[in-house]
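Residue numbers (the working numbering): 26 to 354. Have a look at the structure below, then the notes.
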DNA sequence: GGGGTTCAAAGAAAGTGTAG
DNA sequence: CTACACTTTCTTTGAACCCC
């Protein structure tokens, strides 16, 4: 039974009166008004409900469906499933993004470890991606750990920037066998590393030798002449060995007392025995010249051969030229 | 001791065959 | 088609040794 008067009276401070028996002895039990005389439970709630300031805003209600508390509090709360779910979605990356990130990190690591110019990084990234895309899915060189060192090596070689292969192999996660196995395949992705570029690199090395040992331009031109004359016979080997071979021949012909062959070899990081083997095979064996003893012992024989071929025109002529160049200095 | 010589061994290159 | 094992040949290395 609803007693409207009672409700009105309550707000005005009046005493409660039972509707049934008229008694004023009203008790409160479990938040309700109960008449002590007849036991009638009154329809009036003990706790009055007051409307908030605005009809659409209710105090203590959740403001929105997802946000509880301050942002920082939410972030600190490790148990927030909501936050965990959202951050998982937020941080989710597709395979490509993960791969790109991995490629960049690996290239940076190698460039950093080998002290190579960082400016080439983006170009190498492009190259790696292009090569990787052209490889059949599932093949082992699609693995960035294997692919990147090889691409970096080829790239630097193509840019004529000297790169230490041993050091590269040491710091990268590809073994020597795989590295060399893929080198041939990868060459088709680079503009042809042609003979002219190889010659240019060797010329640069010869120039380096002539500067380091102060041999002058005459030595450079002589070495270059030897290089171009014997090019077809000596080209099929490493650049440093070719450079060492031609500069050693030049030294043995005209500059024997000025600089030891072993010094040239250590400058180029090659072994003297390598040069000896090359000279024996490429010059003496190829031209059918008997009497080769050893590199330095056969210097005179070598010099005669060079004169015969026409690389050294005349001993006196060359000596005169040397004097002239040295006097010019 | 620096420069040069010798030679065995490592290892790179290229080819072939086979399995998956 | 690729990876891998194996072979042969050639190149390069490295260390012991020699000589002045």
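Just so it is clear, CB atoms sit at the ideal spot from N, CA and C, and this is done for glycine as well.
Rounded to a whole number of angstroms, what is the C-alpha to C-alpha distance between residue i and residue j?
{"i": "residue 175", "j": "residue 204", "result": "6 Å"}
{"i": "residue 305", "j": "residue 267", "result": "14 Å"}
{"i": "residue 173", "j": "residue 296", "result": "30 Å"}
{"i": "residue 142", "j": "residue 136", "result": "7 Å"}
{"i": "residue 227", "j": "residue 272", "result": "10 Å"}
{"i": "residue 310", "j": "residue 293", "result": "25 Å"}
{"i": "residue 61", "j": "residue 45", "result": "11 Å"}
{"i": "residue 128", "j": "residue 264", "result": "30 Å"}
{"i": "residue 332", "j": "residue 225", "result": "25 Å"}
{"i": "residue 124", "j": "residue 169", "result": "8 Å"}
{"i": "residue 180", "j": "residue 148", "result": "9 Å"}
{"i": "residue 319", "j": "residue 192", "result": "32 Å"}
{"i": "residue 324", "j": "residue 138", "result": "42 Å"}
{"i": "residue 199", "j": "residue 171", "result": "5 Å"}
{"i": "residue 248", "j": "residue 195", "result": "34 Å"}
{"i": "residue 302", "j": "residue 330", "result": "17 Å"}
{"i": "residue 327", "j": "residue 321", "result": "9 Å"}
{"i": "residue 153", "j": "residue 276", "result": "42 Å"}
{"i": "residue 178", "j": "residue 298", "result": "27 Å"}
{"i": "residue 235", "j": "residue 258", "result": "23 Å"}
{"i": "residue 151", "j": "residue 223", "result": "24 Å"}
{"i": "residue 250", "j": "residue 159", "result": "42 Å"}
{"i": "residue 47", "j": "residue 63", "result": "9 Å"}
{"i": "residue 270", "j": "residue 126", "result": "44 Å"}
Using the Cβ count rule (16 or more neighbours within 10 Å means buried), how would you classify residue i?
{"i": "residue 221", "result": "exposed"}
{"i": "residue 134", "result": "exposed"}
{"i": "residue 335", "result": "exposed"}
{"i": "residue 157", "result": "buried"}
{"i": "residue 122", "result": "exposed"}
{"i": "residue 313", "result": "exposed"}
{"i": "residue 316", "result": "exposed"}
{"i": "residue 255", "result": "buried"}
{"i": "residue 278", "result": "buried"}
{"i": "residue 290", "result": "buried"}
{"i": "residue 362", "result": "Not covered by the structure: residue 362. The range shown for the chain is 26 to 354."}
{"i": "residue 66", "result": "exposed"}
{"i": "residue 43", "result": "buried"}
{"i": "residue 244", "result": "buried"}
{"i": "residue 230", "result": "buried"}
{"i": "residue 132", "result": "buried"}
Across which residues does DSSP place residue i in a beta bridge pair?
{"i": "residue 66", "result": "59"}
{"i": "residue 51", "result": "60"}
Exercise. May I ask you to verify whether the segment 238 to 247 touches the segment 271 to 286, counting CB pairs closer than 8 Å and requiring at least 3?
Key: yes
Exercise. Quick one: which unbroken alpha helix (DSSP H) runs of 4-plus residues sit fully inside the segment 142 to 171? Chain order, please.
Key: 146 to 159
Quiz prompt | Runs of alpha helix (DSSP H) wholly within the segment 280 to 324 (minimum 4 residues, chain order) | solution = 286 to 293, 297 to 303
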